[in-house]
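S.K.: Mind looking over this structure? Questions follow.
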Amino acid sequence: MQAKKRYFILLSAGSCLALLFYFGGLQFRASRSHSRREEHSGRNGLHHPSPDHFWPRFPDALRPFVPWDQLENEDSSVHVSPRQKREANSSIYKGKKCRMESCFDFTLCKKNGFKVYVYPQQKGEKIAESYQNILAAIEGSRFYTSDPSQACLFVLSLDTLDRDQLSPQYVHNLRSKVQSLHLWNNGRNHLIFNLYSGTWPDYTEDVGFDIGQAMLAKASISTENFRPNFDVSIPLFSKDHPRTGGERGFLKFNTIPPLRKYMLVFKGKRYLTGIGSDTRNALYHVHNGEDVVLLTTCKHGKDWQKHKDSRCDRDNTEYEKKGPTELLGPESPSPLSANERAPPTMLSQPLLVP
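Numbering follows full-length UniProt numbering, with no gaps: position 206 of the sequence shown is 206.
If you want it as structure tokens, here you go:
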């Protein structure tokens, strides 16, 4: 009986060894034949991908079956509320994927060259001086044409610079006014200028109407909404900024870098809540009162005192000590501020620098 058990164990072990040698030999021959094929293809200048190349990667294999626009926005819309989705769907960036090759008609430029047409001003429409200066600069340039059939680019005479509903320069019913223009053509070959958009505390980039396929020349435009090689990032300038150069300067030496009293200057409102508040509430960390001067005030809106913190009284006092004339920088609600004695500095959420 014991002899039978021993024979059975030896037979089982021998069978297992035979199977191992058999499958091992198959893999060895396959690897040798594969290496020979690679060596042969290398001699003939050919390349065969490895077997791993044909193995599917399951997470990526499903992606072609997902709609491309849904795939693009699936990560960003996970924590978006229904209200935010509705606002996004009705925002000005319905043509967010516009580029020059898809939303600009180059045939208009090939016919007569680069000509810019400015819509005639409508009766009763108020236009801020800043926008009047922009239109006057265009009309005084060699690119201007009064004939729309000769134009390659179109600029509205409706003031779109300030789209803050609380601003006295805000133009009402702009949506219907733009849509009624017979040359609008869903904004194709149009350029829209904008400095301010939205209102406190969100300051969304909605200008109040659908710009369609129009290009946007905007200050403080976010990197998320900026359309590369299509939109134009412009600097924020004050309302009293002159259209042409002023008096002769006082530059006597070509000093590089220039001798400046201030290395960095910012003067503006410190939003206690809402967009941009986190950044502006932290500006005091880099303020030294000498070459880095960052002055903020909490006085913004009607209920700012409800949200005031322990630094508000001190910040308000420091803010009122130095005026914009001394700092040579325009006061502005925008997070992007430039100064003649300090380099342009961005102090807010991700924005595109002009």
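C-beta atoms are modelled at their ideal positions from N, C-alpha and C, and glycine is treated no differently.
None of the values given here were measured: they were computed from a predicted structure.
How is Arg133 classed by DSSP in three states: helix, strand or coil?
M.R.: Counted from its first residue, the sequence shown places residue 133 at position 133. The question names Arg, but residue 133 in the sequence shown is Asn. Helix at Asn133.
S.K.: So what's Thr297 in DSSP terms, helix, strand or just coil?
M.R.: Here the question's residue 297 lines up with position 297 in the sequence shown. Thr297 falls in the strand class under three-state DSSP.
S.K.: Counting C-beta neighbours from all protein chains within 10 Å, is the total for Phe106 16 or more, i.e. buried, or is it exposed?
M.R.: Position 106 of the sequence shown, counting from 1, holds the residue named residue 106. Phe106 should be labelled exposed.
S.K.: Measuring only the C-alpha atoms, how far is Arg314 from Asp291?
M.R.: If you number the sequence shown from 1, residue 314 lands on position 314. If you number the sequence shown from 1, residue 291 lands on position 291. Whole-angstrom Cα-Cα distance: 19 Å.
S.K.: Leaving aside the five residues before and after Cys109 along the sequence, list all residues of the same chain whose C-beta is less than 6 Å from its C-beta, in chain order.
M.R.: By 1-based counting over the sequence shown, the position of residue 109 is 109. Within the same chain, Cys109 has close Cβ partners Cys152.
S.K.: Which residue or residues does DSSP assign as beta-bridge partners of Phe106?
M.R.: As a first step, residue 106 is located in the sequence shown; it is residue number 106 there, counting from the start. Partner(s): none; Phe106 has no beta bridge.
S.K.: Would you say the region 160-169 touches the region 195-211, given that touching needs at least three Cβ pairs under 8 Å?
M.R.: yes
S.K.: Just curious, the alpha helix (DSSP H) that Leu174 is in, first and last residue?
M.R.: Here residue 174 refers to the residue found at position 174 when the sequence shown is read from its first residue. That run of the alpha helix (DSSP H) goes 174-179.
S.K.: Using a Cβ-Cβ cutoff of less than 8 Å, which residues in the same chain neighbour Ser15 once the five nearest sequence positions on both sides are dropped?
M.R.: As a position in the sequence shown, residue 15 is number 15, starting the count at 1. Counting only Cβ-Cβ distances below 8 Å, and skipping sequence neighbours, we find nothing.
S.K.: Pop quiz: Arg227 and Arg99 are said to be a contact at Cβ under 8 Å. What is the actual Cβ separation, rounded to whole angstroms?
M.R.: Working through the sequence shown from its first residue, we reach residue 227 at position 227. Working through the sequence shown from its first residue, we reach residue 99 at position 99. Rounded, the Cβ-Cβ distance is 7 Å, consistent with contact.
S.K.: Cα separation between Arg280 and Phe230?
M.R.: Start at 1 with the first residue of the sequence shown, and residue 280 comes out as number 280. Start at 1 with the first residue of the sequence shown, and residue 230 comes out as number 230. Roughly 30 Å separates the two Cα atoms.
S.K.: Have a look at Ile275, Ser222, Ser180, His287 and flag the residue whose alpha-carbon is nearest the alpha-carbon of Val232.
M.R.: Taking the sequence shown and counting its residues from 1, the one referred to as residue 232 is at position 232. Among Ile275, Ser222, Ser180, His287, the Cα nearest to that of Val232 is on Ser222.
S.K.: Please state if the CB of Phe193 and the CB of Ile134 are separated by a distance shorter than 7 Å.
M.R.: As a first step, residue 134 is located in the sequence shown; it is residue number 134 there, counting from the start. As a first step, residue 193 is located in the sequence shown; it is residue number 193 there, counting from the start. Contact: yes.
S.K.: Beta strand (DSSP E) containing Tyr319: first to last residue?
M.R.: Your numbering for residue 319 matches position 319 in the sequence shown. Counting along the chain, Tyr319 falls outside any beta strand (DSSP E), though it belongs to the alpha helix (DSSP H) covering 312-321.
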